[in-house]
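**Q** Line order of the protein sequences matches chains E, H, S and G. Reminder that position 17 of the first sequence reads as 72 in the working numbering, one-by-one numbering, no gaps. Reminder that position 5 of the second sequence reads as 60 in the working numbering, one-by-one numbering, no gaps. Reminder that position 186 of the third sequence reads as 241 in the working numbering, one-by-one numbering, no gaps. Reminder that position 201 of the fourth sequence reads as 256 in the working numbering, one-by-one numbering, no gaps. Ideal placement from N, C-alpha and C gives every residue a C-beta, glycine not left out.
There are 4 protein chains.
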Amino acid sequence: MIIVMKHNATQGEVAQVIAQVETLGLQARPIIGEERTVVAVVGDERPVEPEQFELFAGVERVMRVLHPFKLASRDFHPEDLVVKINGVSVGSSQVIVMAGPCSVESREQLMETAAAVKEAGGHILRGGAFKPRTSPYVFQGLGLKGLELLREARDAYQLPIITEVLSPQDVYLVAQYTDIIQVGARNMQNFALLQTVGETNKPVLLKRGMMSTVEELLMAAEYVLSHGNSRVMLCERGIRTFETSTRNTFDINAIPVLKSLTHLPVIADPSHGTGKWELVTPIARAAVAAGADGVIVEVHCDPAHALSDGAQSLKPEKFAAMVSEVRCIAEAMKRTV
Amino acid sequence: MIIVMKHNATQGEVAQVIAQVETLGLQARPIIGEERTVVAVVGDERPVEPEQFELFAGVERVMRVLHPFKLASRDFHPEDLVVKINGVSVGSSQVIVMAGPCSVESREQLMETAAAVKEAGGHILRGGAFKPRTSPYVFQGLGLKGLELLREARDAYQLPIITEVLSPQDVYLVAQYTDIIQVGARNMQNFALLQTVGETNKPVLLKRGMMSTVEELLMAAEYVLSHGNSRVMLCERGIRTFETSTRNTFDINAIPVLKSLTHLPVIADPSHGTGKWELVTPIARAAVAAGADGVIVEVHCDPAHALSDGAQSLKPEKFAAMVSEVRCIAEAMKRTV
Amino acid sequence: MIIVMKHNATQGEVAQVIAQVETLGLQARPIIGEERTVVAVVGDERPVEPEQFELFAGVERVMRVLHPFKLASRDFHPEDLVVKINGVSVGSSQVIVMAGPCSVESREQLMETAAAVKEAGGHILRGGAFKPRTSPYVFQGLGLKGLELLREARDAYQLPIITEVLSPQDVYLVAQYTDIIQVGARNMQNFALLQTVGETNKPVLLKRGMMSTVEELLMAAEYVLSHGNSRVMLCERGIRTFETSTRNTFDINAIPVLKSLTHLPVIADPSHGTGKWELVTPIARAAVAAGADGVIVEVHCDPAHALSDGAQSLKPEKFAAMVSEVRCIAEAMKRTV
Amino acid sequence: MIIVMKHNATQGEVAQVIAQVETLGLQARPIIGEERTVVAVVGDERPVEPEQFELFAGVERVMRVLHPFKLASRDFHPEDLVVKINGVSVGSSQVIVMAGPCSVESREQLMETAAAVKEAGGHILRGGAFKPRTSPYVFQGLGLKGLELLREARDAYQLPIITEVLSPQDVYLVAQYTDIIQVGARNMQNFALLQTVGETNKPVLLKRGMMSTVEELLMAAEYVLSHGNSRVMLCERGIRTFETSTRNTFDINAIPVLKSLTHLPVIADPSHGTGKWELVTPIARAAVAAGADGVIVEVHCDPAHALSDGAQSLKPEKFAAMVSEVRCIAEAMKRTV
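#1: Which term fits H/F9, buried or exposed, when burial requires 16 or more other beta carbons within 10 angstroms of its beta carbon?
#2: Is S/R129 near S/L316, with beta carbons less than 8 angstroms apart?
#3: If we define contact as Cβ-Cβ less than 8 angstroms, is G/P311 a contact residue for chain E?
#4: Between which two residues does the beta strand (DSSP E) holding H/G349 run?
#5: Taking the Cβ atom as the reference point for each residue, do E/Y232 and E/R263 lie within a distance shorter than 8 angstroms?
#6: Using 8 angstroms for Cβ pairs, my map puts S/A323 next to S/V381. What's the rounded Cβ distance?
#7: On the three-state DSSP scale, how would you describe G/S379?
#8: Please state the DSSP three-state secondary structure of G/S158.
#9: Going straight from the alpha carbon of G/G346 to that of G/L313, what length do you get?
#10: Got a sec? Which residues, its chain only, sit under 8 angstroms from G/L228 by beta carbon, not counting five neighbours each side?
#11: In whole angstroms, what separates the C-alpha of S/V226 from that of S/G176?
#12: Can you tell me whether DSSP reads H/T317 as helix, strand or coil?
#13: Let me make sure I understand the geometry here. Which of S/E270, S/V350, S/F297 has the alpha-carbon closest to that of S/A127?
#14: Based on Cα-Cα distance, which residue from G/L280, G/I151, G/L214 lies nearest to G/F246?
#15: Taking only runs that begin and end inside the region 108-194 of chain H, name each unbroken alpha helix (DSSP H) of 4 or more residues, in chain order.
#16: Tell me which residues share the same chain as G/E109 and place their Cβ nearer than 7 angstroms to its Cβ, disregarding the 5 neighbours each side in the sequence.
#17: Starting from the Cα of E/V343, find the closest Cα among E/H282, E/G142, E/A385 and give me that residue.
#18: Is H/L214 near the ligand PLP, in the sense that its beta carbon is under 7 angstroms from a heavy atom of that ligand?
#19: With a CB to CB cut of under 8 angstroms and the five nearest residues on each side skipped, what residues in its chain are close to S/G183?
#20: Let me check one thing: in DSSP terms, what residues is S/V94 bridge-paired to?
#21: Spell out whether any CB of chain E is found under 8 angstroms from the CB atom of S/V97.
#22: Assuming H/Q250 and H/H282 make a contact with CB atoms under 8 angstroms, what is their CB distance in whole Å?
#23: Note down, in chain order, each residue of its chain lying with its Cβ closer than 7 angstroms to the Cβ of S/G365, except the 5 sequence neighbours on either side.
#24: Taking all protein chains shown into account, decide if H/D210 is buried (16 or more other Cβ within 10 angstroms of its Cβ) or exposed.
#25: What first and last residue would you give for the beta strand (DSSP E) that runs through G/T218?
#26: Need the endpoints of the alpha helix (DSSP H) that G/E277 sits in, please.
#27: Please check the pair S/E90 and S/H62, which I expect to be a contact at CB under 8 angstroms, by giving their CB distance rounded to whole angstroms.
#28: Roughly how many angstroms lie between the CA atoms of E/L165 and H/E100, to the nearest whole one?
#29: Would you mind reading off the limits of the beta strand (DSSP E) that contains S/I236?
#30: For chain H, find out if any of its Cβ atoms is closer than 8 angstroms to the Cβ of E/A247; answer yes or no.
#31: Leaving aside the five residues before and after G/V72 along the sequence, list all residues of the same chain whose C-beta is less than 8 angstroms from its C-beta, in chain order.
#32: Use the C-beta contact count for H/G67: other C-beta atoms within 10 angstroms, 16 or more gives buried, fewer gives exposed.
#33: Could you list which residues in chain H have their beta carbon closer than 8 angstroms to that of S/I294, in chain order?
#34: Considering just the uninterrupted stretch of the beta strand (DSSP E) at H/V259, what are its terminal residues?
#35: When you compare the CB of H/E254 with every CB in chain G, is at least one pair closer than 8 angstroms?
#36: Rounding to the nearest angstrom, what Cα-Cα distance links H/V392 and H/A230 in this structure?
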């Protein structure tokens with residue numbers, strides 16, 4: 056932590072800052088420059104809120120030196136984490152394809168889609184039973200019935216499943232049915248939910264909030280990890296920017312940034328990252344070329360009549376073409392699909 | 056809803072769109088332009104997801120015409136809502152001041168701050184018992200003990216209280232202690248929480264998410280309203296932008312925009328909206344000049360040692376000066392404090 | 056400047072960084088922490104690009120300590136700058152109102168608007184002769200003819216004038232006609248233009264780019280100041296964010312932030328800052344309550360037929376009401392209009 | 056264009072809007088819905104500013120239907136444009152690599168870098184002679200001397216060159232030396248510059264502004280095209296967002312979006328798009344996988360001592376590796392390098 060004093064800060068003000076640093080059990084190293092004094096702080100700054108120093112007279116601003124996360128940091132876990140789920144290894148040299156409908160709508164819809172996912176070479180079946188919806192007037196998901204259908208499809212097609220949980224009360228219920236628990240973008244900083252998920256032993260796919268920095272994503276992972284669950288996978292799914300030609304802006308930079316900062320696997324969601332089905336395949340290719348460990352995409356047999364997210368869902372034949380194109384890129388990266 | 060067809064869309068493609076509009080129980084009015092055909096849709100489009108039409112062959116994009124919210128709309132409630140809380144009227148000609156510490160830390164800290172809030176002319180006492188914190192390694196709030204202390208301060212100083220709830224399970228517990236339930240910015244789209252809060256009969260202060268649009272804030276309010284709780288107050292607390300000289304960018308435009316779109320009262324939070332105590336008073340003045348019905352600010356007797364959000368907390372004497380300056384602006388607006 | 060080394064940086068890598076710091080004529084103070092070493096750099100870092108150190112092996116990132124601007128800094132100019140223009144003092148206790156049409160369209164239009172500005176108590180007449188337009192297919196301004204009309208209105212109504220210049224070649228021409236040169240938001244980082252404007256002796260109103268930070272605005276001012284022109288006024292006119300309910304997001308925080316960082320006067324442009332005429336008056340009030348030294352607004356006698364920016368222009372009677380409301384707020388701030 | 060009336064708009068207000076539409080030579084088609092009336096406008100809306108209708112009583116908002124660009128639209132030019140420059144074809148099945156130093160610093164530096172670019176298989180040499188710099192205190196480029204050195208390197212290594220122009224006065228000078236004129240991100244809306252560049256017969260690389268939408272980029276291209284220069288190439292170079300772990304956020308979505316909206320070639324700049332040399336290669340790969348027609352990257356033989364942009368420059372050996380990796384991806388896309 057570096058505390059930058061104001062241009063006209065007095066010696067007494069510097070002394071007060073130093074005293075507080077020492078009260079916190081840290082060491083202070085003042086450096087007197089030509090225009091300003093800075094106080095460098097030595098020690099583990101993580102349990103401290105740097106902003107508290109901005110209250111001291113004579114302080115201009117405070118800058119962190121250490122990353123605030125530790126369990127999620129590659130500094131302390133140089134080897135890639137591989138998460139194994141019923142024979143599928145996420146984070147290995149294989150690029151993983153997770154696919155399925157946005158919402159589970161009916162047995163017929165789910166089974167038909169699962170068959171298409173399996174046939175095209177997908178590895179994991181996704182589907183929403185509890186849906187976070189911006190409007191209270193639209194379809195909210197089938198709930199428990201959706202979980203049961205997912206389980207049925209899982210067993211019928213031998214595909215591990217992933218589904219989202221919205222509320223701490225539902226975590227243990229969802230964990231009984233699913234192979235991977237998904238924490239959605241809108242819940243990335245729902246700390247009560249992160250804590251409960253952290254207390255289970257299920258692998259977790261943690262989606263980046265559309266308003267969250269890479270560092271905040273890693274801090275959300277730190278919540279799960281610090282509650283005892285080490286099998287966390289991260290997902291880039293687009294951030295909100297000023298651009299309106301796509302629903303979100305897929306942050307491709309985040310993929311290599313995350314791979315360098317953390318040992319956790321990184322999955323790309325080009326469906327939400329673009330919001331338009333025509334863009335899903337090119338962005339899936341790009342994500343793999345940037346180093347993603349897998350993709351998660353929405354597939355629907357009749358997207359024009361989907362109860363949610365139709366605009367970004369691929370039809371089965373387009374999905375099969377996507378898998379094939381992603382495979383070409385993976386091979387150019389010396390990986391498999 | 057307006058469906059814009061592609062430049063080269065065929066008559067058959069237009070016909071398919073029209074058929075789907077009619078299947079949904081709406082009417083279609085095609086308009087053939089020189090470069091493009093558009094299909095105008097007549098009827099209540101709210102239960103429909105416009106994006107589903109983007110899947111149809113020949114469709115370029117879809118634009119909404121109606122606001123997606125209805126219960127929150129001034130179109131249907133032209134009169135301002137006044138929320139009465141133990142003699143305090145939010146949304147009236149009086150500008151309301153809510154103040155107190157970010158977190159409840161101890162009886163002494165809370166009582167001392169409550170006394171200062173009361174003496175300076177504050178109307179409502181704020182304080183956090185359950186805290187949403189970005190890092191799992193910092194103070195997470197006193198929980199139930201914090202609620203009990205808030206209740207004690209409420210009774211001692213005759214100040215209604217407001218406190219945040221993080222999780223659906225805690226809603227009924229919190230509702231037993233507090234006068235106003237706060238839903239924080241990070242939970243603005245925690246739909247499970249909005250629904251539970253909507254089932255209580257307590258007034259709600261709903262904070263805008265840091266990367267949520269005004270329309271999404273009104274849709275979050277719609278969740279609470281549609282579950283039966285009509286006493287919702289909205290809070291602008293700064294949005295996330297590219298600017299780094301302040302923690303957030305206080306969206307002053309949102310105040311008159313909200314006042315024109317909805318009948319719900321609008322409160323400003325200049326503490327979070329700036330992240331720096333020096334900016335709290337000027338932005339509080341600005342918010343009232345823009346038409347806010349009240350302000351909510353953080354006050355701490357020893358902010359440099361606060362366990363959270365010290366950098367944006369006012370000391371009691373600065374808070375008293377703020378109330379006095381806000382009063383001058385309120386009077387220039389022909390309102391009182 | 057603070058250079059943060061990587062977790063596993065070697066002593067040799069630290070030594071190379073120190074050697075380069077010393078080559079640049081600066082001093083290096085290494086501080087060895089538990090997890091990381093940082094190198095604090097003492098001396099004037101302004102002619103150095105901190106990013107160059109990110110290339111050295113073992114360096115994680117570099118943080119600036121000093122503000123990159125100096126001539127624009129209040130650290131070196133504690134007193135407010137007052138810019139005097141034909142009897143109008145910008146930056147004094149008087150809040151200045153600049154008003155007029157977006158574009159000069161005809162003698163009749165300009166004279167009628169100038170009369171309305173004068174009568175309502177405006178101090179300075181604005182009007183565009185050279186217009187930056189997003190589309191090549193719309194009205195681009197009257198050019199020289201517009202400058203002549205502005206001069207005529209200036210003399211007829213005894214109002215100093217302000218007009219924009221788009222290109223270095225036009226600076227001396229425009230300077231012959233105008234009292235204040237405006238550099239528009241899209242040209243805030245047109246360094247050729249800033250340099251030429253800096254070589255004139257005319258006061259300059261420098262508008263913040265819609266994509267620019269407060270620090271970049273001050274660096275743009277530094278360009279003008281460092282070329283010899285000290286009479287620079289800054290203008291907040293809204294930034295681009297994800298919010299779509301207004302054309303721009305007026306950054307109210309920037310007003311007190313700028314007032315603390317610089318001695319230059321700060322003007323608010325609520326017309327561009329909102330893009331909607333209904334919001335101009337509330338945001339003008341808010342800007343003055345936040346400490347702005349003046350406002351610049353668009354006024355048009357027939358905005359529905361304006362050749363540009365009609366949507367954000369006030370009619371004369373609404374402008375007169377705005378001046379009156381801004382005066383009430385100014386008086387609450389112990390200033391005049 | 057669709058004009059949405061307010062909920063309570065009167066018949067007279069609708070009539071006034073219709074009258075104004077007809078005055079502009081367009082046709083109005085009112086559609087009376089249950090909650091609102093909308094007026095659909097038929098005809099070429101491009102010379103009209105939709106916002107002017109927001110001034111009419113009873114109007115809520117106005118939505119465009121047509122894209123505001125025409126010469127840049129694929130609707131009117133379905134075939135890809137191929138720009139031929141001394142034997143290099145941009146927009147063909149070959150993926151083009153443009154590379155070189157950010158700034159030309161000396162003959163030695165440029166020749167050494169040009170040799171490395173040629174040897175690694177680069178097609179076009181880039182280098183800045185006129186530099187747009189945020190600070191007036193840092194290196195501003197060699198100017199004319201830089202142009203002469205570029206010409207020398209061009210002839211010595213048989214590499215076409217590209218260099219930036221900052222000011223309309225310099226356009227003809229720069230055009231005498233360069234093969235491609237670059238318009239930089241900060242000048243994307245410098246309309247005086249766009250116009251002058253549009254009057255030359257040199258190919259133009261137009262970089263997207265860091266806070267410009269895809270539509271604004273296409274409108275800037277429209278300026279150049281409408282002044283007679285049809286050989287425009289577009290460049291995605293990262294946009295400004297809230298994320299701070301990279302200098303900019305490379306908008307990968309923009310690549311397929313641009314390829315669908317326009318026939319102009321699309322180049323990716325991963326150096327500016329990330330700001331960090333470690334990220335240049337993964338993002339270059341991703342851009343090609345997303346469909347880019349080429350990349351432009353910064354190469355420097357001694358980046359730690361570069362006079363500008365060192366942090367994002369590749370050393371020659373890293374550049375050679377990048378070309379090789381990009382070639383693998385291009386081949387997976389059935390293209391060549």
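**A** On the basis of the supplied data:
#1: In this structure chain H extends from 56 to 392, so residue 9 of chain H is not present and cannot be described.
#2: yes
#3: yes
#4: 349-353
#5: no
#6: Not confirmed; about 10 angstroms, so no contact.
#7: helix
#8: strand
#9: 10 angstroms
#10: L199, L202
#11: 29 angstroms
#12: coil
#13: S/E270
#14: G/L280
#15: 162-175
#16: R116, V117
#17: E/A385
#18: The ligand PLP is not among the ligands present in this structure, which contains no ligands whatsoever.
#19: P156, C157, S158, V159, G196, G201, T218, E219, S363
#20: S/I58, S/P85
#21: yes
#22: 5 angstroms
#23: H355, P358, A359
#24: exposed
#25: 216-219
#26: 269-281
#27: 6 angstroms
#28: 27 angstroms
#29: 235-238
#30: yes
#31: I58, M60, A83, V94, F108, F111, G113, V114
#32: exposed
#33: T296, F297, E298, T304
#34: 259-262
#35: no
#36: 27 angstroms
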